[in-house]
Amino acid sequence: MTYQIKRIVVTGTVGAGKTTLIRTVSDIETVNTDRSATDKTKSIKPKTTVGMDFGRFQTKNNLILHIYGTPGQSRFNFMWDLLISKADAYILLIPANRPQELYRVEELMNFINKRVQIPMIFGITHTDCLGALNEAKIANSIGYGHRKDKPPFVVVDPHKLISIKNLLETLVKESGLAEKKVSPIQQKKKYSNISSNLNRKTKRKTNLYSVKF
Ligand SMILES: Nc1nc2c(ncn2[C@@H]2O[C@H](COP(=O)(O)OP(=O)(O)OP(=O)(O)O)[C@@H](O)[C@H]2O)c(=O)[nH]1
Ligand SMILES: [Mg+2]
-11 MTYQIKRIVV
-1 TGTVGAGKTT
9 LIRTVSDIET
19 VNTDRSATDK
29 TKSIKPKTTV
39 GMDFGRFQTK
49 NNLILHIYGT
59 PGQSRFNFMW
69 DLLISKADAY
79 ILLIPANRPQ
89 ELYRVEELMN
99 FINKRVQIPM
109 IFGITHTDCL
119 GALNEAKIAN
129 SIGYGHRKDK
139 PPFVVVDPHK
149 LISIKNLLET
159 LVKESGLAEK
169 KVSPIQQKKK
179 YSNISSNLNR
189 KTKRKTNLYS
199 VKF
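Reminder that position 139 of the sequence shown reads as 127 in my numbering, one-by-one numbering, no gaps.
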């Protein structure tokens, strides 16, 4: 049996439910970098992710998903950069009960779209909370109301495995992740990129040494 590994990034604003989702769905013990919040995040939750979350989930079509969670705070956006650059697809979680933060969702999307063009899906969380907007209102607010290229908006409860499985299945189906295999050409390109990066690093080192000696 052959398995394909795909990298999925779960991103979203502070407290959207990224860490909870990965903890619930992972079939291995997760990596977690939550630390005590020190700034205004403290009013939302006592702890926040400062590095990344990591979990793993095997789908029924033999995909092994490596799931990476980003921090929500923009001061850690170097982690967004690092994680998204290697992702095959991403999930953007939006807490439905905090409409005042929807502009931050757009900022996050702009940040990502400037760097990569990969399949994505919206996961709407906190729909059980007071003041939660429905999916249509959220889609309108972030400019996807009438767009033909509107990605799927899926309600998800990060505490419930069945709900997350539904989200992941939609992502895999809509993005064609299960079918996508790396072609020999792409692979060659991938490796030549790695080797040119290595060369760049080596060059940098060489320069350093040449200064030193
Ligand atoms: N009621 C409700 N609570 C939720 C939902 N999703 C997440 N939570 C709660 O929201 C809080 C924050 O969840 P986290 O998973 O830590 O959020 P996060 O996105 O990782 O946050 P940062 O790492 O700080 O960006 C936790 O107490 C969760 O239990 C939801 O759909 N409904
Ligand atoms: Mg977190």
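We put the CB at the ideal spot given by N, CA and C, even for glycine. What you are looking at is a predicted structure, and each value in this text was computed from that prediction instead of being measured.
So, with DSSP's three-state summary, where would you put residue i?
i       : result
Ser73   : coil
Lys33   : coil
Pro87   : helix
Lys(-6) : strand
Arg135  : coil
Gln175  : Annotation note: pLDDT 42 at Gln175 (below 50); position unreliable, coordinate value reported separately. Looking at Gln175 - three-state DSSP - the assignment turns out to be helix.
Ile130  : coil
Leu81   : strand
Ile109  : strand
Thr(-1) : strand
Ile52   : strand
Val142  : strand
Val19   : strand
Ser14   : coil
Spatial neighbours of residue i within its chain, please: C-beta separation below 8 Å, excluding the five flanking residues on both sides.
i     : result
Pro34 : Ser24 and Ala25
Ile16 : Gly43 and Arg44
Residue j and residue i - do their beta-carbons sit closer together than 8 Å?
i      : j       : result
Thr37  : Thr1    : no
Val143 : Thr115  : yes
Leu53  : Ile(-4) : yes
Ala84  : Ile112  : yes
Gly133 : Ala127  : yes
Leu90  : Ala4    : no
Thr47  : His147  : no
Asn50  : Gln(-8) : yes
Label residue i either buried or exposed according to how many other C-beta atoms from any shown protein chain fall within 10 Å of its C-beta, with 16 as the threshold for buried.
i      : result
Phe110 : buried
Phe66  : exposed
Leu121 : buried
Asp209 : The structure shown does not extend to residue 209, since the chain is modelled only from -11 to 201, so the question has no answer here.
Arg86  : buried
With a CB to CB cut of under 6 Å and the five nearest residues on each side skipped, what residues in its chain are close to residue i?
i      : result
Glu94  : Ile130
Gly43  : Ile10, Ser14, Thr18 and Ile55
Glu123 : Ile112 and Phe141
Glu162 : Pro140
Residues in the same chain with beta-carbon distance under 7 Å from residue i, minus the five sequence neighbours each way, listed in chain order, please.
i      : result
Thr239 : What is shown of the chain runs -11 to 201, which leaves residue 239 out entirely.
Asn20  : Thr7 and Asp41
Using 8 Å for Cβ pairs, my map puts residue i next to residue j. What's the rounded Cβ distance?
i      : j       : result
Ile79  : Ile100  : About 11 Å; that fails the 8 Å criterion.
Met40  : Gly57   : 6 Å
Lys138 : Asp76   : With a Cβ gap of about 21 Å, Lys138 and Asp76 do not count as contacting.
Trp223 : Thr(-1) : There is simply no residue 223 to check, as the chain begins at -11 and stops at 201 in what is shown.
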